[in-house]
Each structure stands twice: as structure tokens, then as C-alpha cells.
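Report on one structure; see the data block that follows.
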Amino acid sequence: MMKRLRELTKANALVIGMMGFVALLIGFSLYFAQPDRKWAWIAAWAIGVALWVGLIALHFEAVLRYLISQRGRMGANAVLSSLFMLGVVALVVYIADRHNTSWDWTKTKRNTLSPQTLKVVRGINKEVNVVAFYDATSQEFVRVRDLLKRYEAANPKIKVRVVDPRQEPALARQYEVTGAGVTVFEADGRKERVSFGSEKEFTGALIKVTKDKKPTVYFLQGHGEHDPDSFDPEGYSDLKRGLEALNYQIKPLKLLTEKSVPKDCDVLVIAGAQRELFPQEKQAVKAFLDKGGRLLLMLEPDPAPSFQDWLDAWGLEALKGTVVEPANNILQDAAAIFAFSFRFHDITRPFQRARQEAVLFITARPLKRKTNVPSGITLTELIETSAASWQELNFQGVVRKEPNETGGPFVLAAAVEKNGTDKKKMRAVVLADSDFCTNRFVRNLLNGAFAANCIHWLAEEDVLIDIPPKDEPPQTLFLSRQQTVFTFVWSVIVLPLAILVSGLIAWWTRRS
1 MMKRLRELTK
11 ANALVIGMMG
21 FVALLIGFSL
31 YFAQPDRKWA
41 WIAAWAIGVA
51 LWVGLIALHF
61 EAVLRYLISQ
71 RGRMGANAVL
81 SSLFMLGVVA
91 LVVYIADRHN
101 TSWDWTKTKR
111 NTLSPQTLKV
121 VRGINKEVNV
131 VAFYDATSQE
141 FVRVRDLLKR
151 YEAANPKIKV
161 RVVDPRQEPA
171 LARQYEVTGA
181 GVTVFEADGR
191 KERVSFGSEK
201 EFTGALIKVT
211 KDKKPTVYFL
221 QGHGEHDPDS
231 FDPEGYSDLK
241 RGLEALNYQI
251 KPLKLLTEKS
261 VPKDCDVLVI
271 AGAQRELFPQ
281 EKQAVKAFLD
291 KGGRLLLMLE
301 PDPAPSFQDW
311 LDAWGLEALK
321 GTVVEPANNI
331 LQDAAAIFAF
341 SFRFHDITRP
351 FQRARQEAVL
361 FITARPLKRK
371 TNVPSGITLT
381 ELIETSAASW
391 QELNFQGVVR
401 KEPNETGGPF
411 VLAAAVEKNG
421 TDKKKMRAVV
431 LADSDFCTNR
441 FVRNLLNGAF
451 AANCIHWLAE
461 EDVLIDIPPK
471 DEPPQTLFLS
481 RQQTVFTFVW
491 SVIVLPLAIL
501 VSGLIAWWTR
511 RS
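This is how it looks when you write it as C-alpha cells:
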């Protein structure tokens, strides 16, 4: 029986050896591509090993004679050389994986963290655990994994895990995650959850769990201002939600009852007041500014108040009427102005490369820079209209420039800063319109980003200065984990080994 088995295996030794080799390759592929199917790759390995061990055991003497022969030594030398080269390749891959370096060749650097995010990440000095739960077969899994790995590479204190909640149900229960698409940031016992986030949301979550103090923004109420709690088209609830996502605390303020601006106020917002403030209210705001306070003042065309007494101190003049610029308008409304040109400033810096996106202003009040700006004040015009604009005093029917109407350019947005050596300097941003960041318009173009940047600069949260979306059309071929592994295994391992095996077969055939 044993003799007959030896004769059969001897006659088919090449076929049996190839079958064992193929079984080992299949097991190797399954181990990387389907690690959860343990039974499959173990079975494939067992079959491959059994075939080779059985073949060697049945013909041990022949194998031994071959190995000590001259041809055997030459063959063994070739095999060892091949294994050595494979080992060198494996070592290079291991070192490259441990010291991962990549280059971003995309036009808008869509695969690189923004300078603002890098500043946040590199400033973190505490351990942060990030666990993302995504379907391992989805494109989002790859996108989120690659994005979070950039955070981890920028600061080793950030530990990232991207898992499939179906494969890690215990971990999902621990973080109270019931489905895919959730990323949890955790530091010092604080947790922040982000659903299907981008770089902006992830950076905001990092700030929330690592920063000890939330900047507080007060919205003045009681004079017809836009309401940050209102979900109506004229409300500011979307702006409020966006600021809260960036770790701001939003509160209402009624100075008639409070008497003074609260001490915890980092930024005071007056969003389109329709009626004049009472003298005691104005005095309270002035006292706040005199102590280095920060104010975002958004105006509306008359008869809304102009706050000219404050503007005089900053070198600005508010004119009557509404700014119109029909030449810079694609809507059926001459007062809707698309602002494409931004003067350089910390607030507008990200928009210098915004690929001709704009801020859309609705019914803006004409503002002019005075000839003489008071000493001790730095006034920077952020956005201006063109010389083709004018001050429309009778905004009804067909608009046309009359002799008594002042021509442009007009200031639509300006930043004011008091000079000096004070530890906290007064800052203000004056905007000619308050409607541009209502719920109706805040999501248009750069409106929301510009409003948020004004708040960031006033609160000295410059690291949060918003970035326009990296809107280069995606040209990436996303591969799932299984597809990536199969591509690697078959292109880097299987095909080279197949060439090696072909050579061995040719050598064996010629030998025979």
C-alpha cells in the first residue's frame, strides 16, 4: 500500500507540489482579505502544509539525496537567495510603514491638513482617543481613516482607531454607538461625537475635548435685532449652531435689565438693530469697549440706527440709503451685492485662495472711510464695492444714479483695532449688512465662513479662522479594505511568486 502510494505521488509530485503551493497562497490571501473568516484561511493553510509534508515524508530519502547533490545545493541556493530578497523587500515595507511619508500633489491640497488644524493639533498636550465607527466596505471608511491618520501623524498624543461596529460590537456598546458613521473624541473624561464629519467638524471636536474654557458670545436683544434662537428665515439659529460646534457659548443680552455687559463676555454682537439704544445701554457698551471689549456691529439701511457716534471714533461714516451695484449682480435685485475682492487681513486671509467665491450682501448700508482716521486706531477695509456702485436714496422701481447720490466705492466690512500697549486691545468689526448671515442666506457661498471668521478674530481664536471648502472635484479611486488587500497581495506577492514558480517548473522540466 505504501509502495503504491509512493509510486503515485512520485508520478504526480509536481502536481501535488503545485496544489500545496496554491493552497498556501489562497490561505495567505484570505488571511489579509477576510481575517474574520478564520476557518477559511486556516483550512487552506492546513491543506497546503499537509500536501507538502506528506510529499516530503513519502519521499524523504529522495529529497535528502537531492538536497546533498550538486543540483540540490544549487537549487537550495537559488531558493535561499529568493527568500533573502523577499525578506529585504518585507523589511523595506515594514520600515516604510513605521516611517510613513506622503506627498500631496492635488491642486487644493485636499489631502493635507490646513495650517489652522495643524496649529490646533500640535498645541494639544494631553492624550486624546479617537474612535471612528464606519462600515469597512464603504468609501467613507477609507476617507475618514486617511483623514484621522493625518491628525495622528501630526501629534502622537492623538490615538486613532477606525473600526467596523459589526466587527467590534463590544467597543460600539462601550461608546454607545448603534450604527456606522460616528466618530467619538475623548480626553480627560470628556466626549464629543461627530456624525459623518469633515476636517472642520473633527478639529472643532478636538477643541471641545481639549480646551478648558469656552469663549462666550452675547447677542444684544430688545431693539429688533436678529434672534440667534429663531429658526425663521430671518433668524440666526444656523449661525448659532455653527459657532457652538466650534466651542463657543452663545447667550442673549438685554442691557435694560443687565445694566452692564457681563464680565464673561468675549464678543458682543449687535445684529441689525432697528431702533436706537437707550443712552444707558450705549454707555454700557462704551464702557465695555473702553476696557478692551470686542464688538461685532452689523448695520442696516436707514431708518435703522447708524451708531455714528461710535463710527466717528473709528474713522467711518454711515450714509443714508442703500448700496446698489447692478453691474455686480446676477439676481433680480440691484441691492444684492456679490463681493469677490477681499483686502488682506486675518479675517479674510483664507479667502485669498477661495477660487472666486463670494460673500453675498443683501441691502447694505453705504459706509465711507473718513479722510482722517483718529490717532490710535487701525482701520482696515475688508470688503469694498466697485466704483460702479452708488448710494440709492429712493430704492423703488427702476434704480438709477441721481446727481445727489454719492458714488462708490463703499466699505461693506471693516476691522477696527485700538493701538497701544494694553494687554487686551479693543477690537470691532463693522458690517454694512446683517441679513447676509440669516438662516436664509448663511449657507450661501462664503457667508457663514465670513461671519464666523469675524467672531474668531474678535475672540482672538485665530486658530479657528475658517477655511473655504477644498472644492477640487475628487479624482480619487476609493478601494475598500478587501480591495486594497487583494490589490496588494496579487500585484506584490502572487504575481512575482507566479513568475518564480514558472521558472522552477521550467527548471524541473529541463532537469527531467
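In the UniProt record's numbering, the protein residues as written are 1 to 512. Note that the Cβ used here is the ideal one computed from N, Cα and C, for glycine as well. Computed from a predicted model, the values in this text were never measured in an experiment.
Straight-line Cα distance separating F141 from A132: Position 132 of the sequence shown, counted from the start, is the residue given in the question as residue 132. Position 141 of the sequence shown, counted from the start, is the residue given in the question as residue 141. Whole-angstrom Cα-Cα distance: 9 Å.
Distance between A180 and P169 (C-alpha atoms, nearest Å): Locating residue 169 in the sequence shown gives position 169, counting from the first residue. Locating residue 180 in the sequence shown gives position 180, counting from the first residue. Cα-Cα distance, rounded: 11 Å.
Beta-ladder partner(s) of P407, from DSSP: Against the sequence shown, residue 407 aligns to sequence position 407. Reading the sequence as shown, one finds Gly at residue 407 and not Pro. The partner list for G407 (beta bridge, DSSP) reads W390.
Opening and closing residue of the beta strand (DSSP E) in which K368 lies: Counted from its first residue, the sequence shown places residue 368 at position 368. Run containing K368: L367 to R369, per the beta strand (DSSP E) assignment.
Separation of P326 from Q280, as counted between CA atoms: Counting from one through the sequence shown, the residue named residue 280 turns up at place 280. Counting from one through the sequence shown, the residue named residue 326 turns up at place 326. Computed Cα separation, rounded: 41 Å.
Buried versus exposed call for V492 [16 or more other C-beta atoms within 10 Å across all chains shown]: In the sequence shown, the residue the question calls residue 492 occupies position 492. Exposed, since its Cβ has fewer than 16 Cβ neighbours within 10 Å.
Exposure label - N394; buried when at least 16 CB within 10 Å: Locating residue 394 in the sequence shown gives position 394, where the first residue counts as 1. Counting every other CB atom within 10 Å of its CB across the protein chains shown gives N394 a total below 16, marking it as exposed.
Straight-line gap, L246 to L171 (C-alpha atoms, nearest Å): Against the sequence shown, residue 246 aligns to sequence position 246. Against the sequence shown, residue 171 aligns to sequence position 171. Each residue's alpha carbon lies about 27 Å from the other.
Residue environment, R427, which counts as buried when at least 16 other CB atoms sit within 10 Å: Numbered from 1 along the sequence shown, position 427 holds the residue referred to as residue 427. Under the 10 Å beta carbon count, R427 is surrounded by 16 or more other beta carbons and is classified as buried.
Complete beta strand (DSSP E) runs within the stretch 280-337 (minimum length 3 residues, chain order): Counting only runs of 3 or more, we get 294-298, 316-318 and 322-324.
Sequence-distant residues of its chain with Cβ nearer than 8 Å to G407 (five each side left out): By 1-based counting over the sequence shown, the position of residue 407 is 407. Setting aside the 5 residues that flank it on each side, G407 is surrounded in the same chain by A387, S389, W390, Q391 and K401, each with a C-beta closer than 8 Å to its C-beta; the list follows chain order.
Residues of its chain near R275, where Cβ-Cβ distance is below 6 Å and the 5 sequence neighbours each way are ignored: What you label residue 275 is simply residue 275 of the sequence shown in a count that begins at 1. So the qualifying residues of the chain are H223 and G224.
Cβ separation of L113 and E234, assumed to be a contact under 8 Å, to the nearest whole Å: Translated into the one-based positions of the sequence shown, residue 113 becomes position 113. Translated into the one-based positions of the sequence shown, residue 234 becomes position 234. Incorrect: roughly 36 Å between the Cβ atoms, too far for contact.
Enclosing alpha helix (DSSP H) for residue 514 [first to last residue]: Nothing in the structure corresponds to residue 514, since the chain is present only between 1 and 512.
For R161, three-class secondary structure by DSSP: One-based indexing of the sequence shown puts residue 161 at position 161. Reduced to three states, the DSSP call for R161 is strand.
N-terminal and C-terminal residue of the beta strand (DSSP E) that Q249 is part of: Numbered from its first residue, the sequence shown carries residue 249 at position 249. Run containing Q249: Q249 to L253, per the beta strand (DSSP E) assignment.
N-terminal and C-terminal residue of the beta strand (DSSP E) that T183 is part of: Within the sequence shown, residue 183 is the residue found at index 183, counting from 1. Looking at the DSSP string, the run of the beta strand (DSSP E) that includes T183 is V182 to A187.
Whole-number beta carbon distance between T203 and V194, since they are thought to touch under 8 Å: Residue mapping note: residue 194 aligns to position 194 of the sequence shown, counting from 1. Residue mapping note: residue 203 aligns to position 203 of the sequence shown, counting from 1. About 10 Å separates the beta carbons of V194 and T203, which is beyond the 8 Å limit, so they are not a contact pair.
Cβ contact check for the stretch 357-372 and the stretch 429-436: 3 or more pairs under 8 Å: The stretch 357-372 makes contact with the stretch 429-436; the number of CB pairs closer than 8 Å reaches 3 or more.
For L497, the three-state DSSP class (helix, strand or coil): What you label residue 497 is simply residue 497 of the sequence shown in a count that begins at 1. Three-state DSSP puts L497 in a helix.
Check whether Y248 and V285 have beta carbons under 7 Å apart: The residue you call residue 248 lines up with position 248 of the sequence shown. The residue you call residue 285 lines up with position 285 of the sequence shown. Contact flag unset, no.
Contact check, E176 vs F185, beta carbons under 7 Å: Within the sequence shown, residue 176 is the residue found at index 176, counting from 1. Within the sequence shown, residue 185 is the residue found at index 185, counting from 1. In this structure, F185 does not lie closer than 7 Å to E176 by Cβ.
Contact set for K240: own chain, Cβ-Cβ below 6 Å, skip 5 residues either direction: Walking along the sequence shown from the start, residue 240 turns up at place 240. Taken in chain order, the residues that qualify are P228 and I250.
Buried/exposed call for P473, threshold 16 Cβ in 10 Å: As a working mapping, residue 473 is identified with position 473 in the sequence shown. With a pLDDT of only 49 at P473, under 50, the local geometry of the prediction cannot be trusted, and the value read off the model is given with reservation. Flag for P473 reads exposed.
Rounded C-alpha distance that separates K320 from R365: Numbered from its first residue, the sequence shown carries residue 320 at position 320. Numbered from its first residue, the sequence shown carries residue 365 at position 365. Rounded to whole angstroms, K320 to R365 spans 7 Å at the Cα level.
Start-to-end residues for the beta strand (DSSP E) that takes in F361: As a first step, residue 361 must be located in the sequence shown, where it is residue number 361. Run containing F361: V359 to I362, per the beta strand (DSSP E) assignment.
Which of helix, strand or coil DSSP assigns to K418: Locating residue 418 in the sequence shown gives position 418, where the first residue counts as 1. Here K418 carries a strand assignment [DSSP, helix/strand/coil].
Beta-carbon separation (whole angstroms), D346 vs D462, contact threshold 8 Å: Stepping through the sequence shown from its first residue, residue 346 is reached at position 346. Stepping through the sequence shown from its first residue, residue 462 is reached at position 462. Sure, about 6 Å apart at Cβ, within 8 Å.
Boundaries (first-last residue) of the alpha helix (DSSP H) holding A153: Reading the sequence shown from its first residue, position 153 is the one you call residue 153. Q139 to A154 is the extent of the alpha helix (DSSP H) around A153.
Counted within 10 angstroms of its Cβ, other Cβ atoms place R510 as buried (16 or more) or exposed: If you number the sequence shown from 1, residue 510 lands on position 510. So R510 ends up on the exposed side.
Beta carbon of I383 nearer than 7 Å to that of L412: Residue 383 sits at position 383 when you count from the first residue of the sequence shown. Residue 412 sits at position 412 when you count from the first residue of the sequence shown. In contact: I383 and L412 (Cβ atoms closer than 7 Å).
Classification of N404 by the beta-carbon crowding that lies within 10 angstroms, buried from 16 upward: As a working mapping, residue 404 is identified with position 404 in the sequence shown. Exposed, since its Cβ has fewer than 16 Cβ neighbours within 10 Å.
Short Cβ contact (7 Å threshold) for residue 549 with E152: The shown model of the chain, from 1 to 512, leaves out residue 549, and the question about it has no answer.
Close-in-space but distant-in-sequence residues of the same chain around N125 (CB under 8 Å, 5 per side omitted): As a first step, residue 125 is located in the sequence shown; it is residue number 125 there, counting from the start. Contacts found: K157.
Neighbourhood of S237 by C-beta, 7 Å cutoff - its chain only, sequence neighbours within 5 removed: On the sequence shown, residue 237 is found 237 positions in, with the first residue counted as 1. Excluding residues within five positions, the ones whose Cβ falls inside 7 Å are P228, D229, S230, F231 and N439.
Proximity below 7 Å, CB of V261 to CB of F288: The sequence position of residue 261 within the sequence shown is 261, counting from 1. The sequence position of residue 288 within the sequence shown is 288, counting from 1. Taking the C-beta atoms as reference points, F288 is found nearer than 7 Å to V261.
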